[in-house]
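A.B. asks:
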Amino acid sequence: MSLPAGYRIAQYEIVGPLGTGGMGEVYRARDARLGRDVAVKVMAAHIAADPEMRKRFATEARAVASLSHSAILSIYEMVQADGLPCAVMELLEGENLRQRVQRGPLPWRDAVQTAAAVADGLTAAHTRGIVHRDLKPENIFLTRDGHVKILDFGLAVHRMDAADAANIMTRPAPTVAGAVLGTFGYMSPEQIRGERVDGRTDIFALGCVLYETVTGRRLFPGATPHEVIAQVLGGAPELSAIEAGVPRELRAVIARSVDRDPARRFERAEDLALALRAVLNGSGVAAARSSRARGKSLAVLPFANSSADPQLDYLSDGITESIINSLSQLPGVRVVPRSLVFRYKGLHPDPGTIGLALNARTILTGRVSLHDDVAVIQAELVDTISETQLWGDQFRLRVADVMAVQE
64 MSLPAGYRIA
74 QYEIVGPLGT
84 GGMGEVYRAR
94 DARLGRDVAV
104 KVMAAHIAAD
114 PEMRKRFATE
124 ARAVASLSHS
134 AILSIYEMVQ
144 ADGLPCAVME
154 LLEGENLRQR
164 VQRGPLPWRD
174 AVQTAAAVAD
184 GLTAAHTRGI
194 VHRDLKPENI
204 FLTRDGHVKI
214 LDFGLAVHRM
224 DAADAANIMT
234 RPAPTVAGAV
244 LGTFGYMSPE
254 QIRGERVDGR
264 TDIFALGCVL
274 YETVTGRRLF
284 PGATPHEVIA
294 QVLGGAPELS
304 AIEAGVPREL
314 RAVIARSVDR
324 DPARRFERAE
334 DLALALRAVL
344 NGSGVAAARS
354 SRARGKSLAV
364 LPFANSSADP
374 QLDYLSDGIT
384 ESIINSLSQL
394 PGVRVVPRSL
404 VFRYKGLHPD
414 PGTIGLALNA
424 RTILTGRVSL
434 HDDVAVIQAE
444 LVDTISETQL
454 WGDQFRLRVA
464 DVMAVQE
């Protein structure tokens with residue numbers, strides 16, 4: 064159904080068409096109640112006749128409406144037009160990443176900044192138990208004012224209970240056996256095989272997008288779906304099209320993102336975002352120039368407060384600062400300053416990512432919990448290159464003996 068200018072859907076008056084997608088048509092409309100312009104996505108009649116497709120359309124609306132992040136398109140509400148489902152959305156001005164890349168590859172810094180913003184949006188989605196499953200250049204929008212938006216959660220796996228949200232990376236979402244959902248060339252191997260997927264399938268897709276954004280070429284080209292599938296499943300992807308002027312650390316980030324084995328990819332989207340920003344600020348470059356530069360370097364990450372009592376933060380932060388100050392006195396050891404490590408308070412990046420971001424060969428992590436008047440402190444020292452534990456121990460001391468606890 065094509066809607067003419069002036070057509071009314073609830074309080075929305077159609078202004079004109081914006082484009083056509085796989086699920087239907089998108090129109091510019093005027094919200095008479097709030098006096099703002101919006102986008103209205105109207106499901107095509109032949110698709111709406113399929114109950115499963117109606118369900119998928121509603122899934123997208125619920126998934127996006129549950130999120131609130133600057134890198135994710137906002138959906139305001141669902142309405143009906145002659146019995147057809149319609150999603151009222153934030154109106155975007157600009158172009159999608161596919162349109163931009165068709166004019167040529169982006170400068171690598173712009174490409175990395177775009178990918179980092181997408182990774183931030185994916186972090187928000189994965190934290191809420193939502194896996195996109197169809198990330199591609201067409202579903203990444205670049206606004207005229209410089210923002211990045213993730214579009215089209217129509218294939219999203221939506222699991223909103225707290226247990227699922229907390230275990231997004233360890234309890235994969237089901238895919239219908241034998242069903243292939245997504246876009247060839249960006250789908251992960253496990254997605255192509257119709258296996259259970261988790262947030263790492265979005266990381267694979269973002270790695271493919273980043274490669275294409277930097278090079279102007281698809282990572283897995285092919286004249287037919289069978290040719291593309293054969294490349295995705297056949298072996299390590301060829302990254303030779305990345306130009307010499309692009310930092311080799313970015314090549315390593317892309318290679319890790321598109322690894323065929325999910326266990327060797329970045330574990331979380333926030334880890335990928337950290338690695339990308341490390342490349343941008345040069346710490347990743349400095350870290351890789353010389354293994355000797357990371358040989359005697361240590362980052363003491365903020366000790367986590369494992370108790371419900373926020374008052375315990377003073378102890379966990381105090382322990383962290385005390386250790387940093389003490390170790391800084393040792394000759395021949397570079398200790399990452401407090402101002403840098405405290406940026407990662409509350410985050411849980413993998414050792415390899417944090418080592419790259421902070422240019423540290425080893426990291427000391429720990430957590431503090433309180434049981435009556437006894438503080439229980441767990442700590443471990445990890446090699447960020449081999450990602451192996453070098454040392455670990457547990458301490459139980461009375462909170463009154465704060466100085467002894469820190470020592």
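Every number in this note's numbering is 63 more than the matching position in the sequence shown, counting from 1.
A virtual CB, placed ideally from N, CA and C, is assigned to each residue, including glycine.
(1) In angstroms, rounded to a whole number, what distance separates the CA positions of residue 280 and residue 210?
(2) What would DSSP say about residue 176, mapped onto helix, strand or coil?
(3) In its own chain, which residues sit with a C-beta less than 6 angstroms from the C-beta of residue 177, not counting the 5 before and 5 after it?
(4) Go ahead and pull the three-state DSSP assignment for residue 267.
(5) Could you give the residue range of the beta strand (DSSP E) that holds residue 100?
(6) Return the bridge partner residues of residue 157 from the DSSP annotation.
(7) With C-beta atoms as the reference, is residue 130 less than 8 angstroms away from residue 188?
(8) Taking residue 140 as the reference, which of 73, 362 and 183 has the closest Cα?
(9) Quick check on this structure: which residue in 262, 264 and 247 has the alpha carbon closest to the alpha carbon of residue 286?
(10) Compute the Euclidean distance between the alpha carbons of residue 330 and residue 413, then round it to the nearest angstrom.
(11) Do the region 381-396 and the region 450-458 touch if we need at least three Cβ pairs shorter than 8 angstroms?
(12) Taking buried to mean at least 16 other C-beta atoms within 10 Å of its own C-beta, is residue 368 buried or exposed?
(13) Measure the beta-carbon distance from residue 135 to residue 84 and round it to whole angstroms, keeping in mind my assumption that it falls under 8 angstroms.
(14) Does residue 374 come out as helix, strand or coil in the three-state DSSP assignment?
(15) Looking at residue 283: is its Cβ nearer than 8 angstroms to the Cβ of residue 328?
(16) Residues in the same chain with beta-carbon distance under 7 angstroms from residue 313, minus the five sequence neighbours each way, listed in chain order, please.
(17) Among 169, 179 and 216, which one has its Cα closest to the Cα of residue 127?
(18) Kindly confirm or deny that the region 262-276 and the region 194-201 touch, where touching means at least three C-beta pairs closer than 8 angstroms.
(19) For residue 118, which of helix, strand or coil comes out of DSSP?
(20) For the region 372-439, list the beta strand (DSSP E) runs that are entirely contained and at least 3 residues long, ordered along the chain.
(21) Which residues in the same chain as residue 459 place their Cβ atom closer than 7 angstroms to its Cβ, once the five residues preceding and following it in sequence are excluded?
(22) Could you check the C-alpha separation between residue 86 and residue 103 for me, to the nearest Å?
(23) What is the DSSP secondary structure of residue 113, counted as helix, strand or coil?
(24) Taking all protein chains shown into account, do 16 or more other C-beta atoms lie within 10 angstroms of the C-beta of residue 365, making it buried, or fewer, making it exposed?
(25) May I have the straight-line CA-CA distance separating residue 161 from residue 114, to the nearest angstrom?
C.D. replies: So, to answer that:
(1) 23 angstroms
(2) helix
(3) 211
(4) helix
(5) 99-106
(6) 206
(7) yes
(8) 73
(9) 247
(10) 7 angstroms
(11) no
(12) buried
(13) Incorrect: roughly 17 angstroms between the Cβ atoms, too far for contact.
(14) helix
(15) no
(16) 171, 175 and 342
(17) 216
(18) yes
(19) helix
(20) 425-434
(21) 437 and 439
(22) 12 angstroms
(23) coil
(24) buried
(25) 30 angstroms
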